[in-house]
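Note that the working numbering gives residue 101 to position 74 of the sequence shown, counting from 1, and the numbers run on in steps of one.
First up is the structure itself, then whatever we jot down about it.
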Amino acid sequence: MISIDNILVREYFEKFSKATTETEKRDLMSGFSNIFENMKDDEKEEIRASWLRNMGNIKKEVQGVRSEIATHLPAINVYPASKNELKLLENLFKKMGIKYNVAA
């Protein structure tokens, strides 16, 4: 499970994840950016450190998924809806070192 330590960042992330329009998302990011710029250096560093911890947690989770897949499946069959989707899946699986087959 990924958690966001800093309350301000967590609140903005939760609002951003619930935003339904690009305008809402842009406004939230703009608002957070303004607040961040006005923070003290130690507060900015706390957010930066929290971000790095969260990225480390995400990497651990991805490695865990990769290990599980590699252990239990020789390859994943993918059924992409489009060439763009196929490209995204190929990039993801290559980065994760997962074998895959493109089904017709």
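In this text, a Cβ means the ideal position worked out from N, Cα and C, and glycines have one as well.
Status (buried if at least 16 other CB within 10 Å, exposed otherwise) for residue i
i      : result
Tyr39  : buried
Asn118 : exposed
Own chain residues within Cβ distance below 7 Å of residue i, not counting five before or after
i     : result
Arg93 : Met123, Gly124, Ile125
Asp54 : none
For residue i, the three-state DSSP class (helix, strand or coil)
i      : result
Ile62  : helix
Ile85  : helix
Tyr127 : strand
Met28  : Note that Met28 scores a pLDDT of 47, beneath 50, so its modelled location is shaky; the value from the coordinates is reported in the next line. In the structure shown, Met28 sits in coil (DSSP, three-state: anything other than H, G, I, E or B).
Nearest to residue i (by Cα), restricted to the options the options
i      : options                      : result
Ala102 : Lys86, Lys121, Asn128, Leu79 : Asn128
Arg75  : Glu51, Ala130, Val36         : Val36
Phe59  : Leu116, Phe43, Ser109        : Phe43
Cβ neighbours of residue i in the same chain (closer than 6 Å, five flanking residues each side left out)
i      : result
Leu113 : Pro107
Asn104 : Asn128, Ala130
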